[in-house]
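What follows is one structure encoded as C-alpha cells, with my remarks underneath.
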Amino acid sequence: MTVRILNPSDVDIFRSLRLEALELDPDNFASDRDEWEVMSEDQWRSFLENEPIFAAFDDEQAVGITGLIFQKRRRMAHRCGIGMVYVRRSHRGCGIADSLLKAAINHARNLGIRQVELSVNAENSGAIRLYERHGFTHYGRLPRGFRQGKGFVDDALMVLALDTTDEQINKL
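Residue numbers for the sequence shown follow the working numbering, so the first one is 4 and each next one is one higher.
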C-alpha cells in the first residue's frame, strides 16, 4: 500500500472516491453528494491544484483519500484543517486511514504548519478513536453542527499541535 498526493491529472481518481464516500457514508460528511457531482472537471482539477489531497493505493487501485485545507489569512496560516477522510469498505481495518493521516500530518509539519484541526460527527466513535490515536484532542463540541436527515448532528471539534514547544493545546 502506498500513499501519495494526487496531482491535477488524477482528477478521475479524486472525483470517484469523493463521490463514493458521499454516497456510501453520507452521515460522516458535512457535504452532500449533489453539491459535488455538479462540479465541472475544471473545478475538480482546481481543487487538486490548490489543496493537497492524499490517496492510498492498493497496488494500482485507489482505496482511500484525505485532504488538507489551508487557512488563507496570514494570521491563521499556521493552521490547517483535515477532512474528507474516507477508506473503501473493502479495505477498512487494514491501517489505511492511519497511513493517510500520517502522510497528511507529516506533510503539514514539513510545510511549517503548527496546528491541525478537524470536526467530526460526534456520533462517529470509530473516526474519533482514529484521530485520538494520532494525538488529536477534543477542544469543544458544536451543537447541531450539520443537518442529518430531518434532524441535526453535533460536531466534535479536535486539534493537534505539531510544534513541540506548545504541548498545552494537546492537553485541553
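Note that the Cβ used here is the ideal one computed from N, Cα and C, for glycine as well.
Self-check item: Length-filtered (3 minimum) beta strand (DSSP E) runs lying within the stretch 110–147
Solution: 118–124
Self-check item: Straight-line Cα distance separating Glu52 from Glu126
Solution: Roughly 33 Å between the two C-alpha positions.
Self-check item: Counterpart residues of Leu71 in DSSP-defined beta bridges
Solution: Beta-bridge annotation (DSSP): Leu71 is paired with Ile85.
Quiz prompt | Within 8 Å, strictly: CB atoms of Leu104 and His137 | solution = yes
Exercise. Could you name the residues of the same chain whose beta carbon sits closer than 8 Å to that of Gly11, not counting the 5 residues immediately before and after it, in chain order?
Key: According to the sequence displayed, residue 11 carries Pro and not Gly. Counting only Cβ-Cβ distances below 8 Å, and skipping sequence neighbours, we find Arg48, Leu51 and Glu52.
Quiz prompt | Val41, buried or exposed, once every other Cβ within 10 Å from all chains shown has been counted against 16 | solution = Counting the other Cβ atoms within 10 Å of the Cβ of Val41 gives fewer than 16, which makes it exposed.
Exercise. Please work out which residues of its chain come closer than 6 Å, Cβ to Cβ, to Phe139, disregarding the five sequence neighbours upstream and downstream, and give them in chain order.
Key: Met161 and Leu163
Quiz prompt | Identity of the residue in Glu38, Thr5, Asp30 and Asn31 nearest Arg18 by Cα | solution = Glu38
Quiz item: Assuming Ala130 and Val119 make a contact with CB atoms under 8 Å, what is their CB distance in whole Å?
Solution: Contact flag wrong, Cβ pair sits at about 15 Å.
Quiz item: Does DSSP put Leu20 in a helix, a strand or coil?
Solution: helix
Exercise. For the alpha helix (DSSP H) holding Arg36, just list the boundary residues, first then last.
Key: First-last of the alpha helix (DSSP H) with Arg36: Arg36 to Glu40.
Self-check item: C-alpha gap between Leu145 and Ser128, whole angstroms
Solution: Note on geometry: alpha-carbon atoms of Leu145 and Ser128 lie some 16 Å from one another.
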